[in-house]
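Going by the UniProt record's numbering, the sequence shown opens with residue 1, and the numbers climb by one from there.
Positions of the beta carbon are idealized from the N, C-alpha and C atoms, including for glycine.
The structure displayed is predicted, hence computed values, not measured ones.
Heads up, the thing below is written out as structure tokens.
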Amino acid sequence: MSASTIPTIDLSLWRTGDAHSRERLAMAVDQALGRAGFLLVTGHGVHPDLPAAIRTAARSFFHQPDDVKLPFLAEIGQYGWSGPGAVATGRVEGVKTPPDLLETWSVAPGAYDATAEPSQPSDSSEPGLLPTSWPRQTPQLRPLLARYVRSMRALADELLELLAAALGGPLDLFTRHTTCPDWTLTLNWYPAVHTTGAPRAGQFRVGPHTDFGTLTVLDRQPGKGGLQIHPEDDGWQDAPYDPEALTVNIGDLMARWTGDRWRSGRHRVLAPPVDAPAEELMSLVYFYDCDPHTVVESLPAPIGRVAHPPVTARAYVRSKVAEIALRAHP
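Below, the structure written as structure tokens:
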């Protein structure tokens with residue numbers, strides 16, 4: 001896969017570069033999102049120690065027996081732990097696939113904005129996060145995730161400004177709709193094959209799909225059973241990996257918003273490899289949408305190419321989530 005298909009965008013150049021450098025970045029973003037819907041992003045400012053600490057804390061939770069995790073079980077559409085058999089993501093494409101081979105811990109905004117700087121000491125709980133119940137075995141998980149979502153929200157808005165520039169619009173073209181946005185952070189734990197058992201035919205860690213919202217920011221680990229993407233006309237390919245980069249893709253709402261000028265990035269995560277039976281991976285996936293009642297309408301020509309019917313952001317995303325949900329209990 002060529003760098004022109006999935007380019008690496010250095011956000012430090014967007015922040016500090018001259019007009020010509022910013023224009024070149026915006027042009028590269030426009031071209032890449034039209035071909036595959038994916039970017040690699042460096043210069044993002046997230047210190048690697050933070051996702052590493054999150055993985056350590058989350059892994060200690062995921063490795064617990066199911067009866068220990070069961071009190072934190074998320075009902076369908078809610079937040080907390082989802083065990084094996086909860087979703088079949090490929091069904092959003094109309095294919096009746098087996099359940100995905102993963103467990104998740106998901107976080108969303110609580111009663112007030114979790115991205116605000118905490119007013120209490122850093123070792124206290126962060127009241128702005130859902131779920132309301134967290135495992136005592138890993139008390140560090142909640143404050144770590146609170147730090148992470150603060151950095152993700154700031155990064156997502158910065159990326160939306162870059163995307164607006166790529167369309168030649170005002171920088172707040174999208175961020176005027178993110179004053180109190182919906183977002184979800186999901187920790188995807190992909191157990192080893194000795195935990196899941198041999199995959200069934202057509203079974204993946206995450207089945208083929210496009211994301212549902214505006215923007216996804218992914219901190220991932222490479223592996224044999226890792227991420228694949230589907231660029232236009234090129235078929236399935238292993239996603240490029242850079243340990244210093246975050247993987248960014250747009251979702252259905254953004255594709256609709258741009259009138260299909262940009263493609264919602266189709267992707268999947270391969271099944272756990274039988275020839276690497278100890279491989280387990282974890283991804284930190286930040287799904288960024290927009291203000292819940294935003295009506296997403298396709299931008300007109302010459303930017304947009306297809307005029308999609310308007311949709312309301314939260315209602316659209318929730319309808320797609322309902323398509324892949326199977327059950328809450330393991």
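> CA-CA distance, residue 226 and residue 192?
Replying inline: 12 Å
> Which residues share a DSSP beta bridge with residue 209?
Replying inline: 267
>> Please classify residue 180 as buried or exposed, where buried requires at least 16 other C-beta atoms within 10 Å of its C-beta.
In response: exposed
>> Am I right that residue 271 and residue 199 are in contact with their C-beta atoms under 8 Å? What's the rounded C-beta distance?
In response: 4 Å
>> Assuming residue 219 and residue 292 are in contact, meaning their beta carbons sit under 8 Å apart, how far apart are those beta carbons, in whole angstroms?
In response: The Cβ separation is near 26 Å, so there is no contact.
> Taking residue 96 as the reference, which of 129, 208 and 265 has the closest Cα?
Replying inline: 208
>> Tell me the DSSP secondary structure of residue 6 in three-state form.
In response: coil
>> Here's the rule: buried if 16 or more other CB atoms are within 10 angstroms of the residue's CB, otherwise exposed. What is residue 133?
In response: exposed
> So what does DSSP say about residue 283, is it helix, strand or coil?
Replying inline: In this structure, residue 283 counts as strand in the three-state DSSP scheme.
>> I'd like to check one pair, residue 40 with residue 242: are the Cβ atoms closer than 7 Å?
In response: Closer than 7 Å, so yes.
>> If I follow the unbroken beta strand (DSSP E) through residue 247, where does it start and stop?
In response: 246-250
>> Am I right that residue 85 and residue 326 are in contact with their C-beta atoms under 8 Å? What's the rounded C-beta distance?
In response: 6 Å
> What whole-angstrom Cβ distance do residue 26 and residue 245 have, given they're in contact under 8 Å?
Replying inline: Incorrect: roughly 18 Å between the Cβ atoms, too far for contact.
> Residues in its own chain within less than 8 Å of residue 120 by CB, not counting five upstream and five downstream?
Replying inline: Because the pLDDT at residue 120 is just 39, under 50, the model does not fix this residue reliably, and the value given afterwards should be weighed accordingly. Answer for residue 120: no residue qualifies.
> Any contact of the stretch 73-90 with the stretch 138-154, i.e. 3+ C-beta pairs under 8 Å?
Replying inline: no
> Along the chain, which unbroken stretches of the alpha helix (DSSP H) at least 4 residues long are found entirely within the stretch 132-209?
Replying inline: 141-166 and 193-196
> Expressed to the nearest angstrom, what Euclidean distance is found between the alpha-carbon atoms of residue 47 and residue 297?
Replying inline: 36 Å
> Nearest to residue 186 by alpha carbon, out of 77, 43 and 258?
Replying inline: 77
>> Since residue 251 and residue 212 should fall inside the 8 Å C-beta cutoff, what is the C-beta to C-beta distance between them, to a whole number of angstroms?
In response: 5 Å
>> Just verifying my parser: in three-state terms, what is the DSSP assignment at residue 219?
In response: strand
>> Can you list, in chain order, the residues of its chain with a C-beta nearer than 6 Å to that of residue 257? Leave out the 5 residues immediately preceding and following it.
In response: 296
> Taking buried to mean at least 16 other C-beta atoms within 10 Å of its own C-beta, is residue 313 buried or exposed?
Replying inline: So residue 313 ends up on the buried side.
> By a C-beta neighbour count over all protein chains shown, 10 Å radius and 16 as the cutoff for buried, is residue 103 buried or exposed?
Replying inline: Classification of residue 103: buried, given that the 10 Å Cβ count is 16 or more.
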